[in-house]
Each structure stands twice: as C-alpha cells, then as structure tokens.
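Asker: Residue numbers (our numbering): 762 to 985.
Note that beta-carbon positions come from the ideal geometry of N, C-alpha and C, so glycine has one too.
Just so it is clear, the structure is predicted and the values come from calculations on it, not from any experiment.
What follows is a single structure, and I will ask about it in a moment.
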Amino acid sequence: MAPKNKYQPPKLSEQEKKRLNEILRRLKEAYPEVKIALKFSNPLELLVATILSAQCTDERVNQVTAELFKKYRSAKDYAEAPLEELAEDIRSTGFYQQKAKYIKECARLIIEKFGGEVPRSMEDMLKLPGVARKTANIVLSNAYGVVEGIPVDTHVRRLAQRLGFTKEKKPDKIEQDLMAIIPREEWGQIAYVFQAHGRKICKARKPLCDQCVVKDLCPSKKES
DNA sequence: CTCCCGATAT
DNA sequence: ATATCAGGAG
Numbered sequence: 762m763a764p765k766n767k768y769q770p771p772k773l774s775e776q777e778k779k780r781l782n783e784i785l786r787r788l789k790e791a792y793p794e795v796k797i798a799l800k801f802s803n804p805l806e807l808l809v810a811t812i813l814s815a816q817c818t819d820e821r822v823n824q825v826t827a828e829l830f831k832k833y834r835s836a837k838d839y840a841e842a843p844l845e846e847l848a849e850d851i852r853s854t855g856f857y858q859q860k861a862k863y864i865k866e867c868a869r870l871i872i873e874k875f876g877g878e879v880p881r882s883m884e885d886m887l888k889l890p891g892v893a894r895k896t897a898n899i900v901l902s903n904a905y906g907v908v909e910g911i912p913v914d915t916h917v918r919r920l921a922q923r924l925g926f927t928k929e930k931k932p933d934k935i936e937q938d939l940m941a942i943i944p945r946e947e948w949g950q951i952a953y954v955f956q957a958h959g960r961k962i963c964k965a966r967k968p969l970c971d972q973c974v975v976k977d978l979c980p981s982k983k984e985s
C-alpha cells in the first residue's frame, strides 16, 4: 500500500534552522513550567474535557467538568444518559448538541470496541467521533505518556505561522512542519509553551510585540 | 467551504 | 457589533 500522506516538510537552510531553534530555546526558557490546564483524574475525563474544549476556554471547561465529573463517572454513565440531558449539562461550553453526541458516541464505542478503556493508540483514537489528531495527541500524551505528534490548536497554529515555522494552513501539515523541526522528546510539551505565549503575548487580536522575547526573530513583528 | 454555538474581550 | 476562544464533521 502506497503511503497516503505524501506531504514532506520543506527543507530549511542552516540559518533558518538556527533561527527557529533559538526561538524555541527562548520560549521554553520564558515558560519553563507550563503544562495542560484541563483538570482530569483519568483518561476518560481527559477525553471528555478535550472534546469540550473546542472553541472554548480551558477555564470554562474546568468550570463545567467540576460538576459533570461528579455526575458521570464511567463510560456507561455517558452512554446511557439522555442526549438532551447531557447536552444541557455541557451547554455553556458551546456547540453543546454536537459535543453531547460526540461524547455519548465515544462512550458507546469505548465500551463496545475498546473494552471500556480509552484507546492508547492514535489509530484507535481517530476512530472516535469528534476526535482528530489534536484531541488524540492531547489525550494520548497526557493520559498515557504516548507521544505520537504535536497537538495543533489555534494558538499553535497562529504562532507557528507568525514565527515562520510553517506556511501551511491545515493542522495536519502544520503539525508535520513542527515535527520536522522540534525534537521528539519535546513534542509533548511544546504546545503548552506556544499556548502560554499565545495567550499572554502573541494574542490573536492585538499581539504585544514590544513585550515579546523573540520579537527580533519574528517575521511578523509589528510596532505597537 | 459551511455548520455547530455560548461566553468573553475589544 | 464582532472576532475569537485547546476543533471536527459533512
């Protein structure tokens, strides 16, 4: 079978690699302790929280899951819950009808196909509805320590594009461009560094370039 | 590409 | 008023 994904990250000059590695070094230094902000105590809770986090702040997700996880303690609880009730329980995270369907169907598949346990491989994770590489990367990495890639969320995408790590727009290609530059042992953490910088400094609306630790290396720097 | 779809910042 | 927030499916 021929490999389906023929995308190859662009070859970079030594100088360009140096610039990107210096950016990574400074960002890691600036945000040494960052990690996942979602609260969870088992793989299922993390899966649910990550699905809820689509187009929603982690803060609000934590607010909702604080109650949600008291009520739903197992995959069976989600699978057997009336859809309308589950939807109402997650309403304030937005896209609540869609997310409720995903969660309920995920729970059903976890019971029927995966022995009641959240899958431990990318291949199986991607069989779950509402789960693509970003969600799968987060769950696999933080629940099981399985690092198969880099979760590309809106922050990672924005920073990767602004800093010149990628020219791509699709998350899967951006992920591959990042994987080509960043050592595998850092894949699990680097997204949180980008996220922290993206939230504090390199904001979507009004980036605070004058406070940025990599402004001299950034092709997108703007005077404020 | 569109749709889902509430809360918050600007 | 509107862009944006840990996206993914059709």
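Using 8 Å for Cβ pairs, my map puts R869 next to A904. What's the rounded Cβ distance?
Answerer: Not confirmed; about 19 Å, so no contact.
Asker: With distances taken from CA atoms, which of R834, T915, G949, Y768 is nearest S802?
Answerer: Of the candidates R834, T915, G949, Y768, the one whose C-alpha sits nearest the C-alpha of S802 is R834.
Asker: Taking just the CA atoms, how far does I911 sit from I899?
Answerer: If you take the alpha carbons of I899 and I911, they lie about 8 Å apart.
Asker: Rank V892, P843, V913 by C-alpha distance to the C-alpha of S805 and give the top, closest one.
Answerer: At residue 805 the sequence reads Leu, which differs from the Ser that was named. Checked all of V892, P843, V913; the closest Cα to L805 is V892.
Asker: So what does DSSP say about E841, is it helix, strand or coil?
Answerer: If DSSP states are grouped into helix, strand and coil, E841 belongs with the helices.
Asker: For the 8 Å Cβ check, are there 3 or more pairs between the stretch 770-778 and the stretch 945-952?
Answerer: As far as the Cβ criterion goes, the stretch 770-778 does not touch the stretch 945-952, which means the pair count is below three.
Asker: Measure the alpha-carbon distance for K832 versus L813 and round it to whole angstroms.
Answerer: Rounded to the nearest angstrom, the two C-alpha atoms are 16 Å apart.
Asker: Do the stretch 850-859 and the stretch 874-884 meet, that is, are 3 or more Cβ pairs less than 8 Å apart?
Answerer: The stretch 850-859, when compared against the stretch 874-884, does not touch it at the 8 Å Cβ threshold.
Asker: Kindly indicate which residue of K983, A952, L785, E909 has the alpha-carbon position closest to the one of R966.
Answerer: Answer by Cα proximity: K983.
Asker: Hey, could you find the ends of the alpha helix (DSSP H) Q824 is sitting in?
Answerer: First-last of the alpha helix (DSSP H) with Q824: 819-832.
Asker: Select from K865, A827, F830 the residue whose C-alpha is nearest the C-alpha of E845.
Answerer: Residue K865 is the option with its Cα nearest to E845.
Asker: Is C867 helix, strand or coil when you go by DSSP?
Answerer: Three-state DSSP puts C867 in a helix.
Asker: How would you write the range of the alpha helix (DSSP H) that A893 sits in, first residue to last?
Answerer: No alpha helix (DSSP H) holds A893; DSSP gives it neither H nor E.
Asker: Rounded to the nearest angstrom, how far is the Cβ of Q867 from that of L920, given a contact under 8 Å?
Answerer: The residue you asked about is not Gln; residue 867 is Cys in the sequence shown. About 29 Å; that fails the 8 Å criterion.
Asker: Could you pull the start and end residues of the alpha helix (DSSP H) that Q816 belongs to?
Answerer: Neither: Q816 is in no alpha helix (DSSP H) and is coded neither H nor E.
Asker: Would I942 and L788 qualify as a contact pair, given that the criterion is a beta-carbon distance under 9 Å?
Answerer: For I942 and L788, no; Cβs fall outside 9 Å.
Asker: What would DSSP say about C970, mapped onto helix, strand or coil?
Answerer: C970 falls in the helix class under three-state DSSP.
Asker: Go ahead and label L799 buried or exposed: buried means 16 or more other beta carbons lie within 10 angstroms of its beta carbon, across all protein chains shown.
Answerer: That one is buried.
Asker: Would you kindly report the start and end of the unbroken alpha helix (DSSP H) that includes D933?
Answerer: Run containing D933: 932-942, per the alpha helix (DSSP H) assignment.
Asker: Which residues mark the beginning and the end of the alpha helix (DSSP H) in which Y953 is found?
Answerer: Taken as a continuous stretch (DSSP letters only), the alpha helix (DSSP H) holding Y953 covers 948-961.
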